Structure formats: C-alpha cells, structure tokens
Amino acid sequence: MMAIEQNYPLIPIKEFTSVKQAGLFEILKQPRFSGQLILSDPSKQEWIFHIYMGRLMYATGGTHPVRRWRRNLLIHCPQTSAQLSSLQEDLANTNWEDVNVCWDYHLLCLWVDLHKVTRDQAIKMIQSVMVEILFDVTQGMQITYQIKPDSSSSLSSFFKPLVLIDAEQVIHEADELWEAWQSARVADRCPNRAPIIRQPEQLRVKTSPQAYQTMTKLLNGQYTLRDLAILMKRDARAVTLSILPHLQSGLVELIDIPDLPAPVSLPPNETSVKIVPEQKPLIACVDDSPLICQSMEKILTSEGYRFVAINDALRAIATLLATKPELIFLDLVMPNANGYEICGQLRRLSFFRNTPIVILTGNDGIIDRVRAKMVGSSDFMSKPINPEEVLSVIIKHLKQVNYN
741 MMAIEQNYPL IPIKEFTSVK QAGLFEILKQ PRFSGQLILS DPSKQEWIFH IYMGRLMYAT
801 GGTHPVRRWR RNLLIHCPQT SAQLSSLQED LANTNWEDVN VCWDYHLLCL WVDLHKVTRD
861 QAIKMIQSVM VEILFDVTQG MQITYQIKPD SSSSLSSFFK PLVLIDAEQV IHEADELWEA
921 WQSARVADRC PNRAPIIRQP EQLRVKTSPQ AYQTMTKLLN GQYTLRDLAI LMKRDARAVT
981 LSILPHLQSG LVELIDIPDL PAPVSLPPNE TSVKIVPEQK PLIACVDDSP LICQSMEKIL
1041 TSEGYRFVAI NDALRAIATL LATKPELIFL DLVMPNANGY EICGQLRRLS FFRNTPIVIL
1101 TGNDGIIDRV RAKMVGSSDF MSKPINPEEV LSVIIKHLKQ VNYN
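The numbering used here numbers the first residue of the sequence shown as 741 and each following residue consecutively.
Take a look at the structure:
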C-alpha cells in the first residue's frame, strides 16, 4: 500500500487509459486520502479532482469549466438554469474562506440547502461533470498527475459532501463514451472545439436551403460540439458525425473558442481556479454574413485579438451578455433586427453603456450616420471592410475606454 505524504512531485503517465485511471484512484482510496488529484496534459491544461476519504467528491477544470457547468445545469437542473439571474444574489454574501471546494460545487450545495434543486439532481450533475472530464482526460492521452493532500481543517469531520462517488463508476461510463467516439472514427475531433463554416457558398450548393439556413445559425464558431448537442437534443458523437463530411472537405472547420465568463468574481486565493495569462481584448462582430465575420476574424486574430462572431441578430444581445466583448462591430441591416435597434438596446444595459459600438454598413450616407449617433454608436465604418481601418478603429476606441 502506498503511504500518503505531504509533498508529491509531478508524475507522468503515458496513455492514461481507463485501467490506469482506476489504478490511480484505487491507490488513493486505500489510505482514505483527502485532498486534490491534479491532472495536466502537455498543453498545460489542468483538471482537478476533489477527493474525500478516498472517494470522489467533485471535479472541475479543463478547457471550458463554465460551459460544462452551464450545459449540465440545463440538463439536470433546468428549473435553476432558467433563473440564473438570481445567481448573483445567492453568491453575494458568500464568505470564500468557508468554501471547501470551488464556486460551482459550493453553489450546488447552497441550492440544495435552499431547496432550489434536489439532492438527486445535484448528484446526477456531479456524476455527469466527472464523466465529461474523464472523457477529456482519456482523449488527452499523455497525462501528468500531482497529489495535494488537504493540510488544513477545511475538510474536517464536520464537513458533509453532497455525495461520495466510487471512481470505477464514472471511469466505466467515460470509457464507454470514449470507445463509442473511437468506433465512430472521430477520435481526432475534440468535442470542446466549435464548428465554423469556412466555405459558405460551396456549402450552400451542397445542402438544401433549409439545412443551410440551420447550419449558418449553429455552425458559427460560438458553440462547441458539446454545446450543439444540447441545443439539438442529440449526443456529441451524433452531432459530429452529421457534419463530418463537411469537416473532411474543408467546408467546415473546428476551432478553439474561449470559455464563458464565470458567474462570480473569484478571490485571488481560490485554489480551484487556474490563473489565466493576460489576454488581448475580445472583439465581437454582429453580422448576418458569415463572409464578413470570417474576414473580420482573420484580421483580428492575426493581431492577437480574441474574436466572437454572431450571425443571428435575434441572439445578439444574449450572446454579447454571455461573452462581454470589449468592442462590438454591428451590422446596420440584418434580417429580423437592425443595427439601430440592437445598439439602442445595448446602451440601455449598464454593462454596455460605455462599450465601443462601431456600425458597419454598405450605405455610407449622412442620414445613417446621424441616426447611428443618436442611438449611441461610437463610430461608423463602411463595407467592404479594410484591415488597416478596422485595426485603427479598435486602437482608437479601446484607448478612449482606457483598456490596457
């Protein structure tokens, strides 16, 4: 039996299969270990398993911890997912010194205590989160692990976890999903990446008008394969297979996208959250034309800016609230809504009161400019877009709002 000491080095494991996973968790189970098991891959991505008395209590980390949390909340706690606006109220008086694990686990415990979710719902959500993380760990293959025993009294005898899970249970479920993913011959496709249309005109020719319309709304680089599975009420493997021919032909591409912002401001000593290096500003482009968005993405990402494209005007406000960009390019003429209306609605929201909003239009008339100014736009830019002008406008307006 392995003795649990206070300090552990980083230990690499090649091909971290389900058998090796089970063996590692069994080593920690025998001495009734309490603390953290931290897994990382060559890209420095980290997953954290919180363990109590040798059994799994919760897991977090990875590429998209907030997206994963929101997806599972929608599946297992739909009544709470529909009332996320009350989230800040539940967290407003949180004393972070009393939080034993991490904000998402703390929130589940709080909601169970307040009878906002049932204990059974919380347990199912925790299990689902663990399975998803173990799938990602398995796909990562080359893994390094580190063990951090709990050296404080935070996990004392008075601490009562929502559930304690045997690792074998979730490892088996994750392994079944991974085998199905491999059998479908999509093992090289990561479900945390987002599909985006790269050749819209060629795709239009190869699909029906209805299918193309649906694809332009969903395959816009804003939703990961897992996000799309929830939206389409299918599993991620089925979603991936449905677009696989277009991925193989290059009409659609899978790209990395950022996580959604955490619903709570975390303290600097929150140990379950990995510190992210400083990033360049996030720029949004609201335009129904995938070509315009792709041109904008190429210009901005080549200069290191982060980018989010929004092709559906009806979802623009919700997506902007979720991603909180530092500057917004907004098309003037779109189906179902126009740039004036969206700009006016954004200016009525306190968060976007001072956010630079640049109107894009193919009609550079004095009347349009005056009207755009009246609804609160910061600037006006003509199409077709010019890379130098785009970058100049960004630098100008981000300096005005003192973005560093």
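For every residue, glycine included, the Cβ atom is placed at its ideal position computed from N, Cα and C.
If you're wondering where the values come from, they're calculated on a predicted model, not measured in any experiment.
Quiz item: Taking Cβ positions, are Ile983 and Pro931 nearer each other than 8 Å?
Solution: It is not a contact, given that the beta carbons lie outside the stated cut-off.
Exercise. With DSSP collapsed to three states, give me the class of Ala1053.
Key: Helix.
Self-check item: Simplified DSSP assignment, three categories, for Ser989
Solution: helix
Exercise. If I'm right that Ile1050 touches Cys1083 with Cβ under 8 Å, what's the distance once you round it to whole angstroms?
Key: Not confirmed; about 14 Å, so no contact.
Exercise. Rounded to whole angstroms, what's the CA-CA distance from Gln770 to Gln942? Just pull it up for me.
Key: 58 Å
Quiz prompt | Limits of the beta strand (DSSP E) - the one that His790 falls within | solution = 786-792
Quiz item: So is Ser1012 buried or exposed if we call it buried at 16+ other beta carbons inside 10 Å?
Solution: Bear in mind that a pLDDT of 41 at Ser1012, under 50, signals an unreliable position, so the number given afterwards is only what the model happens to contain. By the neighbour-count rule (16 or more Cβ atoms within 10 Å), Ser1012 is buried.
Quiz item: Quick one, are the C-beta atoms of Leu1089 and Thr1063 less than 8 Å apart?
Solution: no
Quiz item: How many angstroms separate the CA atom of Ile751 from the CA atom of Asp975?
Solution: 34 Å
Quiz item: Buried or exposed: where does Gln962 fall if 16 or more other Cβ atoms within 10 Å of its Cβ makes it buried?
Solution: buried
Quiz item: Just how far apart, CA to CA, sit Ile778 and Asp890?
Solution: It is roughly 13 Å from the alpha-carbon of Ile778 to the alpha-carbon of Asp890.
Quiz prompt | Segments assigned beta strand (DSSP E), at least 3 residues, entirely inside the region 1059-1105 | solution = Counting whole runs of 3 or more residues, the region 1059-1105 contains the beta strand (DSSP E) stretches 1067-1071, 1097-1101.
Self-check item: Euclidean distance between Cα positions of Glu1010 and Leu1067
Solution: Note on Glu1010: pLDDT 44, under 50, position unreliable in the model; the coordinate value appears next. Spanning the two alpha carbons is a distance of roughly 29 Å.
Exercise. Excluding the 5 residues preceding and the 5 following Ala920 in the sequence, name in chain order all residues of the same chain whose CB lies nearer than 7 Å to its CB.
Key: Arg977
Quiz prompt | Same chain, Cβ closer than 8 Å to Ala907, five either side skipped, listed in chain order | solution = Gln761, Ala762, Phe765, Glu766, Lys769, Arg795, Leu796
Quiz item: Under three-state DSSP, which class holds Asn960?
Solution: Reduced to three states, the DSSP call for Asn960 is strand.
Quiz item: In the DSSP assignment, what residue or residues form a beta bridge with Gly801?
Solution: BP columns for Gly801 point to Trp787.
Exercise. Measure the alpha-carbon distance for Ala1077 versus Ala1058 and round it to whole angstroms.
Key: Going by the C-alpha atoms only, they are around 14 Å apart.
Exercise. Please determine, among Val857, Glu786, Asp853, the residue with the shortest C-alpha to C-alpha distance to Ile815.
Key: Residue Val857 is the option with its Cα nearest to Ile815.
Practice problem: Tell me, to the nearest whole angstrom, how far the beta carbon of Leu848 is from that of Met865; I am working on the premise that it is less than 8 Å. | Solution: 7 Å
Quiz item: Lys888 by DSSP, collapsed to three states: which one?
Solution: Looking at Lys888 - three-state DSSP - the assignment turns out to be strand.
Quiz prompt | Phe1120 in three-state terms, based on DSSP | solution = For Phe1120, the secondary structure class from DSSP, reduced to helix, strand or coil, is strand.
Practice problem: Please determine, among Lys1123, Asp1119, Lys973, the residue with the shortest C-alpha to C-alpha distance to Ile1135. | Solution: Asp1119
Quiz item: Which same chain residues, not among the five before or five after Leu1000, have their C-beta less than 6 Å away from its C-beta?
Solution: The answer, listed in chain order, is Val806, Arg807, Ala1062.
Self-check item: Inter-residue spacing [alpha-carbon to alpha-carbon] between Ile753 and Asp781
Solution: 10 Å
Quiz item: Do you know how far the Cα of His804 is from the Cα of Glu916?
Solution: Taking the straight line joining both Cα atoms gives about 22 Å.
Practice problem: Assign Glu1128 to one of two classes, buried (16 or more other C-beta atoms within 10 Å of its C-beta) or exposed (fewer than that). | Solution: It counts as exposed.
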